Amino acid sequence: MQTRTLGTTGPQTSALGLGCMGMSALYGDSDRSESLATLHAALDAGITLLDTGDFYGMGHNELLINEGLRTAPAAAREKAQISVKFGALRTIEGHFTGYDGRPKAVKNFAAYSLQRLGTDHIDIYRIARVDPDVPIEETVGAIAELVEAGHVRHIGLSEVGAQTLRRAAAVAPIADLQIEYSLISRGIEEAILPTARELGIGITAYGVLSRGLISGHFTRDRKLAANDFRGMSPRFQGENLDRNLDLVEALRKIAEQKGVSVAQTAIAWVLSRGEDIVPLIGARRRDRLTEALGALDVTLDADDLTAIEQAIPAGAAAGDRYPSAQMAHLDSEH
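FYI, the numbering for the sequence shown is 1 to 334, going by UniProt numbering.
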């Protein structure tokens, strides 16, 4: 397994991380036994970075990772690094009602996560979205206290803009910024990515396949389950979906010429953006995991990159990456 280092102060991780959200929530029903088998397969392949959130399935995902690690070989378990997002407030019905970044809330969330994960520390800890009512300095300061106490190893951030990134980094060392980055989500390139690099902060890129939209497997006639949040995503709606899948077909031609899959090409493109970027792959099944791992063997030369840029220019996607209510919570978009 190739490795990369998250920023100048963060840990060395596998070049690909495993995003575990879909094993518990938001993409329709999941298969517990297949999820555990996929976790084990990822660890066996050398993936060390496991990304979760305490609100994924209301703690279900952390408990699943706990079980996956407990039943994995000791050597793999010891190498595993867990990245946790916290702060989301939800109702019993699963609706999101805001974020809580108060210092006492930070420590409360961490205490519950440590219990569910069955560990004495969290490798990277980050608030999922900035709490608009709490200065980022206070939230990061609370995580820094958890680092000092040994409960957290590294501080991360999620979906923050360049200015917030600077304010946070002035308080304590930031290992990485987790943010959406893909061929059709390139907003970070203008200011956020240059700022992160200036500050020595790594990037863990989620949504590298745009929730399956540019995986090469999504079809126009696919019916999404009622509990699949993509049904509310602008990019999966009507004419937007048609336009976006046309982009995928343009990418497919390039992938076929190289003898690789669309998903492998899209992941390899994110990998090519810099050694400071670690893509998170949201595989819920072993076959999808195997396909994603194949991206590590794909080399995109200058001609390939030019062809990809022509097929999917920056800003070509139709529709926002989240519904408007969720876009409003993104500090990175303001």
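Ideal Cβ positions, reconstructed from N, Cα and C, are used throughout, including at glycine. As the structure is a prediction and not an experimental result, all values here were calculated from the model.
**Item:** Coarse secondary structure for T3, derived from DSSP in three states
**Value:** strand
**Asked** How close, in whole Å, do the beta carbons of H329 and R129 come, if the pair is a contact with beta carbons under 8 Å?
**Response** 5 Å
**Asked** Leaving out five residues before and five after F86 in sequence, what residues of the same chain have Cβ atoms less than 8 Å from its Cβ?
**Response** G53, D54, F55, V106, F109, A110, S113, Y125, R126, I127 and A128
**Simplified DSSP assignment, three categories, for T13** = strand
**Request:** Measure the Cβ-Cβ separation of L296 and L16 and say whether it is below 8 Å.
**Result:** yes
**Item:** Sequence-distant residues of its chain with Cβ nearer than 6 Å to L63 (five each side left out)
**Value:** R116
**Item:** Beta-carbon gap between G156 and A175 smaller than 8 Å
**Value:** yes
**Prompt:** Within 10 angstroms of its Cβ, does G274 collect 16 or more other Cβ (buried), or is it exposed?
**Reply:** exposed
**Request:** Would you kindly check if the distance between the Cβ of Y181 and the Cβ of I201 is under 8 Å?
**Result:** no
**Request:** Assign D276 to one of two classes, buried (16 or more other C-beta atoms within 10 Å of its C-beta) or exposed (fewer than that).
**Result:** buried
**Message:** Are the CB atoms of H154 and G10 within a distance shorter than 8 Å?
**Reply:** yes
**Request:** In the DSSP assignment, find the unbroken alpha helix (DSSP H) run with T265 in it and report its ends.
**Result:** V262 to L271
**Message:** Just list the residues that DSSP pairs V84 with in beta bridges.
**Reply:** T52 and Y125
**Asked** If you draw a straight line from the C-alpha of S324 to the C-alpha of A75, how long is it?
**Response** 44 Å
**Message:** Under DSSP, the beta strand (DSSP E) around I97 begins and ends at which residues?
**Reply:** Looking at the sequence provided, one finds Thr at residue 97 rather than Ile. F96 to Y99 is the span of the beta strand (DSSP E), which, as asked, contains T97.
**Prompt:** Is it buried or exposed for H151, if we count other Cβ within 10 angstroms and need 16 for buried?
**Reply:** buried
**Asked** In terms of DSSP beta bridges, what is I203 paired with?
**Response** L177 and I277
**Request:** Within 10 angstroms of the Cβ of G22, are there 16 or more other Cβ atoms? Answer buried if so, exposed if not.
**Result:** buried
**Rounded C-alpha distance that separates L305 from D131** = 38 Å
**Item:** Terminal residues of the alpha helix (DSSP H) in which S30 lies
**Value:** Here S30 belongs to no alpha helix (DSSP H), and DSSP marks it neither H nor E.
**Asked** For S233, which three-state DSSP category applies?
**Response** coil
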